[in-house]
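>
Numbering (the UniProt record's numbering), first residue to last: 1 to 204.
#1: In its own chain, which residues sit with a C-beta less than 6 Å from the C-beta of residue 123, not counting the 5 before and 5 after it?
#2: So, residue 169 versus residue 185, is the Cβ gap smaller than 8 Å?
#3: Distance check for residue 24 and residue 94, CA to CA, integer angstroms please.
#4: Please check the pair residue 71 and residue 17, which I expect to be a contact at CB under 8 Å, by giving their CB distance rounded to whole angstroms.
#5: Quick check: what's the CA-CA separation for residue 57 versus residue 150?
#6: When we look at the beta-carbon of residue 63 and count the other beta-carbons within 10 Å, is it buried (16 or more) or exposed?
#7: Taking the beta carbon of residue 127 as the centre, do at least 16 other beta carbons fall within 10 Å, making it buried, or is it exposed?
#8: Residues in its own chain within less than 7 Å of residue 137 by CB, not counting five upstream and five downstream?
#9: DSSP three-state label for residue 185, please.
#10: I believe residue 125 touches residue 65 by the beta-carbon criterion, under 8 Å. Please report the beta-carbon distance rounded to the nearest angstrom.
#11: Anyone know if the C-beta pair for residue 158 and residue 135 falls short of 8 Å?
#12: Just to confirm the assignment: which complete alpha helix (DSSP H) runs, minimum length 4, are found wholly within the stretch 76 to 109?
#13: Could you pull out every residue in the same chain whose Cβ sits closer than 6 Å to the Cβ of residue 101, ignoring the five residues on either side in sequence?
#14: CA-CA distance, residue 133 and residue 161?
#15: Tell me which residue opens and which closes the alpha helix (DSSP H) that residue 171 is part of.
#16: Quick one: Cα of residue 166 to Cα of residue 156, how far?
#17: Around the C-beta of residue 181, are 16 or more other C-beta atoms found within 10 angstroms, so that it is buried, or is it exposed?
#18: Do the CB positions of residue 148 and residue 116 come within less than 8 Å of each other?
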């Protein structure tokens with residue numbers, strides 16, 4: 001008999017005010033929580049930027065990324081999730097944690113992003129279901145509808161087989177790693193870089 005996976009149906013918060021808390025998640029098709037190993041690496045990358053940040057989780061799923069950000073004192077998190085059961089579970093988990101500086105939006109992420117926003121975000125998580133060609137479309141909508149504050153950090157998690165992933169020229173690659181079938185990257189949005197490049201060309 002195979003050993004039962006005791007972590008099935010739970011997500012564990014790694015650090016911060018809710019350190020080691022385990023919260024229930026729905027076992028839904030396509031739900032793929034970011035592993036502890038990858039999350040730990042990501043939040044080490046974000047260690048100097050997460051406190052006080054406005055966070056957008058475009059494909060919240062289990063809430064592993066958004067909840068970890070809130071635990072580490074992000075100022076506010078908006079978490080978008082299409083699956084109703086997963087979104088409801090996220091709301092319940094936020095209530096369990098008595099967290100009031102977050103919102104869960106039960107909606108299609110692409111449709112939501114296409115509506116635009118009145119307030120930009122400092123950190124954005126893009127961790128869509130694999131093999132559905134969503135990452136590139138998400139990047140395009142974030143840019144077109146001005147979801148990013150200047151110098152925003154953007155985390156992108158995709159299947160490792162997605163060899164060619166295009167980002168705007170204003171996105172500077174900071175980090176990239178691979179773990180198993182997952183490739184994950186961190187970018188920074190620097191809108192002034194195009195102007196700087198033009199100035200350098202003139203100087204030459």
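For each residue, glycine too, the CB sits at the ideal point set by N, CA and C.
In short:
#1: Position 123 of the chain shown holds residue 123. If we look at residue 123 and ignore the five residues flanking it on each side, its Cβ neighbours are 53, 55, 153.
#2: For this step, residue 169 is matched to residue 169 along the chain shown. For this step, residue 185 is matched to residue 185 along the chain shown. No, they are not a contact pair.
#3: Here residue 94 refers to the residue found at position 94 of the chain shown. Here residue 24 refers to the residue found at position 24 of the chain shown. For residue 94 and residue 24, the distance between alpha carbons rounds to 11 Å.
#4: For this step, residue 71 is matched to residue 71 along the chain shown. For this step, residue 17 is matched to residue 17 along the chain shown. Indeed, because the Cβ distance is near 5 Å, the residues count as touching under 8 Å.
#5: Position 57 of the chain shown, counted from the first residue, corresponds to residue 57. Position 150 of the chain shown, counted from the first residue, corresponds to residue 150. Approximately 18 Å between the Cα atoms of the pair.
#6: The residue labelled residue 63 in the question sits at position 63 within the chain shown. That one is buried.
#7: Within the chain shown, the letter at position 127 stands for residue 127. Buried.
#8: Against the chain shown, residue 137 aligns to sequence position 137. Contacts found: 110.
#9: By one-based count along the chain shown, residue 185 stands at place 185. Reduced to three states, the DSSP call for residue 185 is strand.
#10: Residue 125 sits at position 125 when you count from the first residue of the chain shown. Residue 65 sits at position 65 when you count from the first residue of the chain shown. With 8 Å as the limit, residue 125 and residue 65 qualify as a contact, their Cβ atoms being about 5 Å apart.
#11: In the chain shown, the residue the question calls residue 158 occupies position 158. In the chain shown, the residue the question calls residue 135 occupies position 135. Result yes, Cβ atoms of residue 158 and residue 135 sit closer than 8 Å.
#12: Positions of the alpha helix (DSSP H) runs, each at least 4 residues long and wholly inside the stretch 76 to 109, are given as 84 to 96 in order along the chain.
#13: Position 101 of the chain shown, counting from 1, holds the residue named residue 101. Only 76 meet the Cβ criterion.
#14: Here the question's residue 133 lines up with position 133 in the chain shown. Here the question's residue 161 lines up with position 161 in the chain shown. Taking the straight line from one Cα to the other gives about 12 Å.
#15: Here residue 171 refers to the residue found at position 171 of the chain shown. It is not in any alpha helix (DSSP H) - residue 171 instead sits in the beta strand (DSSP E) that spans 171 to 179.
#16: For this step, residue 166 is matched to residue 166 along the chain shown. For this step, residue 156 is matched to residue 156 along the chain shown. Going from the Cα of residue 166 to the Cα of residue 156 covers about 11 Å.
#17: Stepping through the chain shown from its first residue, residue 181 is reached at position 181. Exposed.
#18: As a working mapping, residue 148 is identified with position 148 in the chain shown. As a working mapping, residue 116 is identified with position 116 in the chain shown. No, the pair does not count as a contact, with Cβ atoms beyond the cut-off.
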